[in-house]
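Participant:
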Amino acid sequence: MKFTPAKPPFTGETLETLTVRLQARGEPAFRAKQILDWVYKKRARSWDAMTNLPKALRAWLDETFEFAPLTLVHGKQSLDVTDKLLLELGDQSLIETVIIRAPQEGVGLEHSRKTICISTQVGCAMGCKFCASGLLGLKRDLNAGEIVAQLLQVCYREDEHDPRAHSGLATFDNIVVMGMGEPLANYDAIIRALTIINAEWGLGFGARRITLSTSGLVPRILQLADEPLGIRLAISLHGATDEVREQIMPVNKAYPLAKLLPAVKAFSEKHGRMVTLEFILIEDINDSREQAEKLRDIALDLHAHVNLIPYNTVEGLPWKRPGIARQEAFADVLRRARVSVTLRREKGHDIEAACGQLRLKTEKARELSAT
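The numbering used here applies: residue 16 is where the sequence shown begins, and numbers increase by one.
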C-alpha cells in the first residue's frame, strides 16, 4: 500500500529541490540554506522557531510541508545499553529506531558512542523465517523524509546531553540501515535519504560511518556500487551454504550464493572497504562446525568482517539461540583462521530490540483493543 501524505515531509527536500521551490515564489537564493540550517544544525522543532525568516515565508512553509512526518509513541530502555524508539507515521503505521550505546571508561552513559539503527519500510516482504519484521508482511515503503526524520528524533532525544549539538553536529557516531525492511527494495528513497544525511547542508554525517545492510538483492548491490556516496555494506548472510540459507531466507532462491558473493566482492573491490557478513546464530539451524568452516572460507575470500549475533527470541517463532559455549566454539573456528570477527553480546534482549519485535507487539495490542 502506498501512502501519499497531504503535504510532503520537509526532511525529504534537498538543497536543490528546496531552492527551486523558493525561487518560484521569488525568495532570494540564500533562503534554502538558511532554512536547512534551522532544521539540521539548530534543530528547530517548528517553523515559528525560525525567527529570522519573514512571517509570510514561515506561513508558506507550514502550508507546503509537513514539518515532522513522524512522532514518538514511546521509548523503551533495556537493562544494558539499548534504547528502542517506537515511531508513528502520518497514516498511523509504526516503525522502530534503535539507539545502541557503547559505554566508554571514565564517562557517563550519556556520553557513550552511539550507533543508530534506522528502518526503511513498514514491515518487510523478504520473509526471513527468523525475523519479526516480516510477520505482518510489507505494509509500505518509507519515503526519504520519513527515513531522515528518524535521525532527527534521535538528535532531539540526545542533544541535551551531547556537546556536539552546540556545534550543529549529529549527536550520534554511526548509522546502520538495518532496521525494519529491506533497504535496497526501497532503493530511490534510501539513496535520497542518505544523500540528505551525508550532505553538508543536511546532517553532514560522514559516509564512512554509515553501513547499509541487505538480504542480498544482487542487481541493487551492483547498482549501489556505482553510487558516489561511498557508504559501507553489510550482508545478512545467516547461512554459509545454499541449503541452510534457503531454509531461513527465501531471497536465496532468487539470488543464491553463487550470484551473491561475486556481487559482494565487486562492491568491496570497487570501494576498497571491508564488507561485513552478518550471521545470526540459531540453535540447530546454522550453528554447526560445518557452517562455521564454510563461513570462514567465504570471509577469507571476501576479506570480510563477520558479525556473529546470537538469536533474539521472537514470540510465535520456534527458533532459539545456542548456548554460550556453542557460540564461542563457532567464533573460535573463525578466530583460528584470523578472520576478523565480533561475537555480539546482549543489546536490548529484554526490550524486544530485535528487528520488528516492539512494533509487532504494539500492533497486536492495537488489534485486541479494537475488537
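Just so it is clear, CB atoms sit at the ideal spot from N, CA and C, and this is done for glycine as well.
#1: Would you say the beta carbon of residue 114 is closer than 7 Å to some non-hydrogen atom of the ligand COA?
#2: Since residue 38 is in the alpha helix (DSSP H), which residue starts that stretch and which ends it?
#3: Express the C-alpha separation of residue 147 and residue 196 in angstroms, rounding to a whole number.
#4: On the DSSP bridge assignment, give the partners of residue 24 in chain order.
#5: When you compare only the Cα positions, how much space is there between residue 208 and residue 139?
#6: Given that a residue counts as buried once 16 or more other Cβ atoms are within 10 Å of its Cβ, and exposed if not, what is residue 366?
#7: Which two residues bound the contiguous alpha helix (DSSP H) that contains residue 248?
#8: Just reading off the beta strand (DSSP E) that residue 129 is part of, what are its end residues?
#9: In the stretch 219-295, which residue ranges form an unbroken alpha helix (DSSP H) of at least 4 residues, counting only runs that do not cross its ends?
#10: Indicate whether residue 102 and residue 87 have their beta-carbon atoms separated by less than 8 Å.
#11: Which residue from 224, 217, 248 puts its Cα closest to that of residue 232?
#12: Since residue 296 and residue 342 are thought to touch, with beta carbons under 8 Å apart, how far apart are those beta carbons, to the nearest angstrom?
#13: On the DSSP letters alone, give me the boundaries of the alpha helix (DSSP H) that residue 313 sits inside.
#14: Does the beta-carbon of residue 182 have 16 or more other beta-carbons within 10 angstroms, so that it is buried, or is it exposed?
#15: By the three-class DSSP mapping on this structure, what secondary structure does residue 354 have?
#16: What's the C-alpha gap between residue 397 and residue 251?
#17: Take residue 214 as the anchor and find which of 36, 48, 24 has the nearest alpha-carbon.
#18: So, is residue 129 buried or exposed, given that buried needs 16 or more other C-beta atoms within 10 angstroms?
#19: Once DSSP output is grouped into helix, strand and coil, what is the label at residue 297?
#20: Alpha carbon to alpha carbon, what distance is there between residue 239 and residue 360?
#21: How do the stretch 149-164 and the stretch 268-276 stand: do at least 3 beta-carbon pairs fall below 8 Å, yes or no?
#22: Just confirm the distance between the C-beta atoms of residue 141 and residue 230, as a whole number of angstroms; I'd bet it's less than 8 Å.
#23: My output table needs one value for residue 363: the three-state DSSP class, helix, strand or coil.
#24: Quick check on the burial criterion: 16 or more other C-beta atoms within 10 angstroms. Buried or exposed for residue 338?
#25: Sorted by chain position, which residues of the same chain lie with C-beta nearer than 8 Å to residue 210's C-beta, five sequence neighbours on each side aside?
#26: Would you mind stating whether residue 357 and residue 323 have Cβ atoms separated by less than 8 Å?
#27: Got a sec, what are the start and stop residues for the alpha helix (DSSP H) residue 51 sits in?
#28: From this set, 287, 242, 241, 311, which residue's C-alpha is nearest residue 253's C-alpha?
#29: Mapping the DSSP letters down to three states, classify residue 192 as helix, strand or coil.
#30: Looking at the structure shown, is residue 179 part of a helix, part of a strand, or coil, going by DSSP?
#31: Give the DSSP-derived three-state secondary structure of residue 342 in the structure shown.
Facilitator: So, from the data block:
#1: Here there are no bound small molecules, and the ligand COA is not part of this structure.
#2: The residue you call residue 38 lines up with position 23 of the sequence shown. Residues 30-39.
#3: One-based indexing of the sequence shown puts residue 196 at position 181. One-based indexing of the sequence shown puts residue 147 at position 132. Going by the C-alpha atoms only, they are around 11 Å apart.
#4: One-based indexing of the sequence shown puts residue 24 at position 9. Per DSSP, 81.
#5: As a working mapping, residue 208 is identified with position 193 in the sequence shown. As a working mapping, residue 139 is identified with position 124 in the sequence shown. Those two C-alpha atoms are separated by around 19 Å.
#6: Residue mapping note: residue 366 aligns to position 351 of the sequence shown, counting from 1. Bear in mind that the predicted position of residue 366 carries a pLDDT of just 44, short of 50, making it unreliable; the figure below should be weighed with that in mind. Label assigned to residue 366: buried.
#7: Your numbering for residue 248 matches position 233 in the sequence shown. First-last for residue 248: 247-251, but that is the beta strand (DSSP E), not the alpha helix (DSSP H).
#8: Taking the sequence shown and counting its residues from 1, one reaches residue 129 at position 114. Its beta strand (DSSP E) spans residues 128-132.
#9: 233-240, 257-263, 266-269, 272-286
#10: As a working mapping, residue 102 is identified with position 87 in the sequence shown. As a working mapping, residue 87 is identified with position 72 in the sequence shown. Cβ distance < 8 Å, so residue 102 and residue 87 count as in contact.
#11: Numbered from 1 along the sequence shown, position 217 holds the residue referred to as residue 232. The shortest Cα separation from residue 232 among 224, 217, 248 belongs to 248.
#12: Translated into positions along the sequence shown, residue 296 becomes position 281. Translated into positions along the sequence shown, residue 342 becomes position 327. Between residue 342 and residue 296 the Cβ distance is about 6 Å, and since that is below 8 Å, they are a contact.
#13: By one-based count along the sequence shown, residue 313 stands at place 298. First-last of the alpha helix (DSSP H) with residue 313: 304-317.
#14: By one-based count along the sequence shown, residue 182 stands at place 167. Classification for residue 182: exposed.
#15: Locating residue 354 in the sequence shown gives position 339, where the first residue counts as 1. Residue 354: coil per DSSP, three-state reduction.
#16: Not covered by the structure: residue 397. The range shown for the chain is 16 to 386.
#17: In the sequence shown, the residue the question calls residue 214 occupies position 199. Comparing Cα-Cα distances from residue 214 to each of 36, 48, 24, the minimum goes to 48.
#18: Within the sequence shown, residue 129 is the residue found at index 114, counting from 1. When all chains shown are included, residue 129 counts as buried.
#19: Here the question's residue 297 lines up with position 282 in the sequence shown. It is coil, neither helix nor strand.
#20: Position 345 of the sequence shown, counted from the start, is the residue given in the question as residue 360. Position 224 of the sequence shown, counted from the start, is the residue given in the question as residue 239. When rounded, the distance between both Cα atoms is 31 Å.
#21: no
#22: Start at 1 with the first residue of the sequence shown, and residue 141 comes out as number 126. Start at 1 with the first residue of the sequence shown, and residue 230 comes out as number 215. Confirmed, Cβ separation roughly 5 Å.
#23: Mapped onto the sequence shown, residue 363 falls at position 348. Caution applies to residue 363, whose pLDDT of 49 falls short of 50 and renders its modelled position unreliable; the value that the coordinates give is listed next. Here residue 363 sits in coil by DSSP.
#24: In the sequence shown, residue 338 corresponds to position 323, counting from 1. The residue in question, residue 338, is exposed, as its Cβ has fewer than 16 Cβ neighbours within 10 Å.
#25: Position 195 of the sequence shown holds residue 210. Cβ neighbours of residue 210 beyond the five flanking positions: 29, 217, 244.
#26: If you number the sequence shown from 1, residue 357 lands on position 342. If you number the sequence shown from 1, residue 323 lands on position 308. Yes, they are a contact pair.
#27: By 1-based counting over the sequence shown, the position of residue 51 is 36. Residue 51 -> alpha helix (DSSP H) spans 46-55.
#28: One-based indexing of the sequence shown puts residue 253 at position 238. Comparing Cα-Cα distances from residue 253 to each of 287, 242, 241, 311, the minimum goes to 311.
#29: For this step, residue 192 is matched to residue 177 along the sequence shown. Strand at residue 192.
#30: Sequence index remark: in the sequence shown, residue 179 carries index 164 (1-based). Helix at residue 179.
#31: Sequence index remark: in the sequence shown, residue 342 carries index 327 (1-based). Residue state, collapsed to three classes: helix.
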